[in-house]
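Colleague:
Residue numbers (the working numbering), protein chains in the order written: chain F, 31 to 144; chain C, 1026 to 1137.
1) Answer yes or no: does any C-beta atom of chain F fall closer than 7 Å to that of residue 1080 of chain C?
2) Among F:136, F:143 and F:144, whose alpha-carbon lies nearest the alpha-carbon of residue 1066 of chain C?
3) Apart from the five residues on each side of it in sequence, which residues of its chain come closer than 6 Å, Cβ to Cβ, to residue 164 of chain F?
4) What does residue 1088 of chain C pair with, by DSSP beta-bridge criteria?
5) Using the three-state DSSP reduction, which class does residue 32 of chain F fall into: helix, strand or coil?
6) Which partner residues does residue 1049 of chain C have in the DSSP bridge list?
7) Evaluate residue 1068 of chain C with the Cβ neighbour count: other Cβ atoms within 10 Å of its Cβ, from every protein chain shown; 16 or more gives buried, anything less gives exposed.
8) By how many angstroms is the C-alpha of residue 1131 of chain C removed from the C-alpha of residue 1113 of chain C?
9) With a Cβ-Cβ cutoff of 7 Å, do residue 1038 of chain C and residue 1029 of chain C count as a contact?
10) What residues from chain B crowd round residue 1068 of chain C, counting only those whose CB sits closer than 7 Å?
11) Rounded to the nearest angstrom, how far is the Cβ of residue 82 of chain F from that of residue 102 of chain F, given a contact under 8 Å?
12) What is the DSSP secondary structure of residue 1065 of chain C, counted as helix, strand or coil?
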């Protein structure tokens, strides 16, 4: 596609529920990144993929967070047993390759956990 | 200590003013440096890369001081449309292993 597409744009859920956030990167971009941004903060790195594999998942806060990219294109960020502290904007970005430093971000998925 | 530190602002300046933002980074092995711009409730977008020799793009000038681990962004002749949050960004780990690290951002409000 022309840009990075993220769905849903907004998600409101209750504490303890399971949530999936989807990212469709720019066609041909092999590297895909997930960041999380809380109010007044910069984006915080979560995980990045080179192709289908997670090249670096050191930013995932705990084992409730998991991400997949089974065919090397679309990625899904999965959050189990959501907590109020998970409320944030989840940003996805892609780049031509992992060595490229220019990231193109999607508009984000705003998650609110009540 | 955060990897990338910025003054959060806000910087309130009149149209036409010159304003400068600073950023410090903690890892001397950092290799690549950028400024991203983020409008309210929008995604970050690349404003410019920062090179050791300093670089300019229209009204924007970026500089890097490796010895002091310090990056700056200068905006001349501020426009109302420059109002945004400016994020200092560093790639600390060699390219191919890790994504970019973002500062918390400096908010700029240009007033008429």
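Here a beta-carbon is modelled for each residue, glycine too, at the ideal position from N, C-alpha and C.
Modeller: Quick look at the numbers:
1) Output row for residue 1080 of chain C: interface = no.
2) Of all alpha-carbon atoms in F:136, F:143 and F:144, the one lying nearest the alpha-carbon of residue 1066 of chain C is that of F:136.
3) Past the boundaries of the shown model lies residue 164 of chain F; chain F is included only from 31 to 144, so the question cannot be answered.
4) Assignment of beta-bridge partners to residue 1088 of chain C by DSSP yields C:1097.
5) Residue state, collapsed to three classes: coil.
6) According to DSSP, residue 1049 of chain C bridges with C:1030 and C:1095.
7) In this structure residue 1068 of chain C is buried. Its beta-carbon is surrounded by 16 or more other beta-carbon atoms within 10 angstroms.
8) Residue 1113 of chain C and residue 1131 of chain C: Cα-Cα distance of roughly 8 Å.
9) It is not a contact, given that the beta carbons lie outside the stated cut-off.
10) Annotation note: the requested chain B is absent from the structure, which comprises protein chains F and C.
11) Sure, about 5 Å apart at Cβ, within 8 Å.
12) Annotated three-state conformation of residue 1065 of chain C is coil, per DSSP.
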